[in-house]
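> Attaching a single structure in structure tokens format; questions to follow.
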Amino acid sequence: MVERRIELNRRYHRKKKMAKLKERLLKAKTSTDRDTIVAKIMRISPWWNEEIAMAGKQGRMAASAQAGGPKTKGSSQRPAGGPRRK
0 MVERRIELNR RYHRKKKMAK LKERLLKAKT STDRDTIVAK IMRISPWWNE EIAMAGKQGR
60 MAASAQAGGP KTKGSSQRPA GGPRRK
């Protein structure tokens with residue numbers, strides 16, 4: 000079980016780090032900054048593709064803007080009177 004926990008911790012840390020690097024990539028001003036960040040991302044995830052990732056990100060942002068913003072959890076999403084799922 001210890002090995003599994005170590006693997007999970009690595010995965011969670013990698014996921015957080017990728018999210019931070021992607022945000023930094025979107026905010027990068029110069030091409031050298033972009034190249035540095037892309038190199039770090041490629042070290043973490045060699046199969047990551049910048050064009051596909053950025054196209055997907057822009058598509059999701061446009062869809063959320065058309066839908067009125069991100070959805071939040073709330074009691075309005077749960078059917079009234081229904082049992083609560085765990």
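Under numbering that gives the first Met the number 0, the sequence shown has 33 at position 34, and the numbering climbs by one with no breaks.
We put the CB at the ideal spot given by N, CA and C, even for glycine.
Look at the alpha carbon of K21 and the alpha carbon of N8, and state the distance between them as a whole number of angstroms.
For K21 and N8, the distance between alpha carbons rounds to 20 angstroms.
> At what residue ranges does the segment 11-46 contain a whole run of the alpha helix (DSSP H), taking only runs of 4 or more?
Runs of the alpha helix (DSSP H) inside the segment 11-46: 30-43.
> Is the beta carbon of R13 sitting closer than 8 angstroms to the one on L24?
Not in contact: R13 and L24 (Cβ atoms no closer than 8 angstroms).
> For A27, I'd like the list of residues in its chain whose CB is within less than 7 angstroms of its CB, leaving aside the five on either flank, ordered along the chain.
The residues are R33, I36.
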